[in-house]
Amino acid sequence: MCIRDRLIDVSKLLNIENLLSRNLDGLSSGEKQKVAIASALLLKPKVLILDEPISNIDKRGVDNLIEVLKLIKSLGIAIIISEHRLIQFKDVADKFLHIYEGKITEVWYKKDFDKISNEKLIGLGLRPKSIKKTSTLKDNKQKSIVLDISHVSYK
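Quick note: to get our numbering, add 26 to the position in the sequence shown (first position is 1).
Below, the structure written as C-alpha cells:
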C-alpha cells in the first residue's frame, strides 16, 4: 500500500478527511492534535506515545480526542500518555503510573482510580479529579454567587 492510500485510510479512520486540504496554521488545537496522531499512525506503530495530548484543547476537543484514543486502542495499538490531568483518561487507560525523578513511585489500575483522593493527587503534583464548588453566597437584594475553588494548583 502506498503512502497516499495509507493517508486516505488513516484520515477516514480519524474522520479528518476534511482537514487534508487545509493549512495547519488554520486548524484548532484539537484538529492539530488529530493530524499529529494521524501522521504517527501512517507508520503503523505498535505503540503510540503522547506527551500532554490535551493541553490547549477545549472540553469538546478533549472528548473527541478520547474517542480517537479508544478507537486506536481497539486496533491493538498500545498508548502511553504523559499527562498530569488523569481523570480525562479514565475511560481509555488500563493503568496509571506516577513517575518521579525517573522512578515509578505509584501504580493505579483503572478499577482503583476512583479511590485516589484529590489530596493525594495534588500531593503528587497531579491535577485533582474535580474542581468543587465549596461555598455560595445568595443575597436577596443582589443575586450573586461567590465561588471558592479548591484543589487547584499551579506550579
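Backbone N, C-alpha and C fix where the C-beta goes; we use that ideal spot for every residue, glycine too.
Check: Let me make sure I understand the geometry here. Which of Glu127, Ala64 and Gln114 has the alpha-carbon closest to that of Asp84?; Outcome: Gln114
Check: Verify whether the separation of the beta carbon atoms of Ile92 and Arg111 is less than 8 Å.; Outcome: no
Check: Output the distance between the C-alpha atoms of Ser54 and Leu123, rounded to the nearest integer angstrom.; Outcome: 30 Å
Check: According to DSSP, simplified to helix, strand and coil, what is Ser92?; Outcome: Inspection of the sequence shows that residue 92 is occupied by Ile rather than by Ser. DSSP places Ile92 in helix when its eight states are reduced to three.
Check: Look at the alpha carbon of Ile98 and the alpha carbon of Lys121, and state the distance between them as a whole number of angstroms.; Outcome: 16 Å
Check: State yes or no: is the C-beta of Ala64 within less than 8 Å of the C-beta of Leu40?; Outcome: yes
Check: Could you tell me the distance, in whole angstroms, from the CA atom of Lys58 to the CA atom of Leu68?; Outcome: 15 Å
Check: So what does DSSP say about Ser65, is it helix, strand or coil?; Outcome: helix
Check: What residues in its chain sit with their C-beta under 6 Å from that of Ile75, if we drop five residues either side in the sequence?; Outcome: Ile106
Check: Once you ignore the five residues that flank Leu147 on each side, which residues in its own chain have a CB closer than 6 Å to its CB?; Outcome: Pro154
Check: Please report the straight-line C-alpha distance between Ile125 and Leu150, rounded to a whole angstrom.; Outcome: 9 Å
Check: Distance, Cα to Cα, Ile29 vs Trp134?; Outcome: 39 Å
Check: Counting C-beta neighbours from all protein chains within 10 Å, is the total for Ala119 16 or more, i.e. buried, or is it exposed?; Outcome: buried
Check: Measure the beta-carbon distance from Ser1 to Asp77 and round it to whole angstroms, keeping in mind my assumption that it falls under 8 Å.; Outcome: For the chain, the structure presents residues 27 to 181; residue 1 sits outside this window and is missing.
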